[in-house]
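Asker: Counting with my numbering, you get residues 4 to 133 for the letters of the sequence shown.
Don't be surprised by glycine CBs; every beta carbon is placed ideally from N, CA and C.
Below is the structure I would like to discuss, written out as structure tokens.
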Amino acid sequence: MRPPDDFKFNIKAFRLLTGHQTPPNVFPPDIQQALPPLSGRKKNWYYADLPREIVDEIWLRFKAAVEPLKAACKLRAVHFQYLHSAMVFGAGIAITFAAYRLLNLIAVAAFWIAYILTREGLQNPVRDGR
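Next up, the structure:
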């Protein structure tokens, strides 16, 4: 069974590129061999801890993997799930909702606070991605 002709892919970005912990065994074998040993009792790599040349290579490979879908007009979205951003925005929205429900914040004010919180986050993407 084939997907419909208008089917498009949504792809989740590689975990390292979104700041999530990344165990060494999920890297491609050649990159695993190029990784320096983890320091101390660490079991995972994080974006900021990797050598620049490895980070650059991971970005290149990710772009190369996505490019065929993009060229074929089959790519709808690439999802970058930034853990810290989600926590901050979630907390902001939860506080706004609590103020609305518990402190009788005017609905229009609650809307604008939530709008500003989410709009600012969406308009200021991470600058380090290549």
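Considering just the uninterrupted stretch of the beta strand (DSSP E) at valine 81, what are its terminal residues?
Answerer: Indexing the sequence shown from 1 puts residue 81 at position 78. Residues 78 to 82.
Asker: Tell me, which residues are paired with lysine 15 by DSSP?
Answerer: One-based indexing of the sequence shown puts residue 15 at position 12. Paired residue(s): His82.
Asker: Taking a contact to mean a Cβ-Cβ separation below 8 Å, would you say alanine 117 touches isoleucine 96 in this structure?
Answerer: By one-based count along the sequence shown, residue 117 stands at place 114. By one-based count along the sequence shown, residue 96 stands at place 93. Yes.
Asker: Can you tell me whether tryptophan 115 is buried or exposed? The criterion is at least 16 other CB atoms within 10 Å of its CB, across all chains shown.
Answerer: Locating residue 115 in the sequence shown gives position 112, where the first residue counts as 1. So tryptophan 115 counts as exposed.
Asker: Between the Cα of arginine 64 and those of Lys11, Phe30, Ala101, spot the shortest distance and give me the residue it belongs to.
Answerer: Counted from its first residue, the sequence shown places residue 64 at position 61. Looking at the Cα atoms, Phe30 is the closest of the given residues.
Asker: In the DSSP output, what is threonine 141 paired with across the bridge?
Answerer: Outside the shown range of the chain (4 to 133) lies residue 141, about which nothing can therefore be said.
Asker: Alpha helix (DSSP H) containing isoleucine 5: first to last residue?
Answerer: Working through the sequence shown from its first residue, we reach residue 5 at position 2. What sits at residue 5 in the sequence shown is arginine, not isoleucine. Run containing arginine 5: none; DSSP gives neither H nor E here.
Asker: Please tell me whether asparagine 47 and proline 26 are closer than 8 Å, where the distance is taken between their beta carbons.
Answerer: Taking the first residue of the sequence shown as position 1, residue 47 is located at position 44. Taking the first residue of the sequence shown as position 1, residue 26 is located at position 23. A contact, by the Cβ cut-off of 8 Å.
Asker: Short of 7 Å in beta carbon distance, which residues of its chain neighbour lysine 11, apart from the five on each side in sequence? Order them along the chain.
Answerer: By one-based count along the sequence shown, residue 11 stands at place 8. Lys77, Leu78, Arg79.
Asker: Determine the DSSP secondary structure at leucine 63, reduced to helix, strand or coil.
Answerer: Residue mapping note: residue 63 aligns to position 60 of the sequence shown, counting from 1. Looking at leucine 63 - three-state DSSP - the assignment turns out to be helix.
Asker: Using CA atoms only, rank isn't needed, just tell me which of Leu72, Ala113, Phe83 is closest to aspartate 9.
Answerer: For the purposes of this step, residue 9 is identified with residue 6 of the sequence shown, where counting begins at 1. Comparing Cα positions, the closest option is Leu72.
Asker: Given a threshold of 16 other Cβ atoms within 10 Å of its Cβ, counted over all protein chains shown, does leucine 105 qualify as buried or as exposed?
Answerer: Your numbering for residue 105 matches position 102 in the sequence shown. Exposed is the call here.
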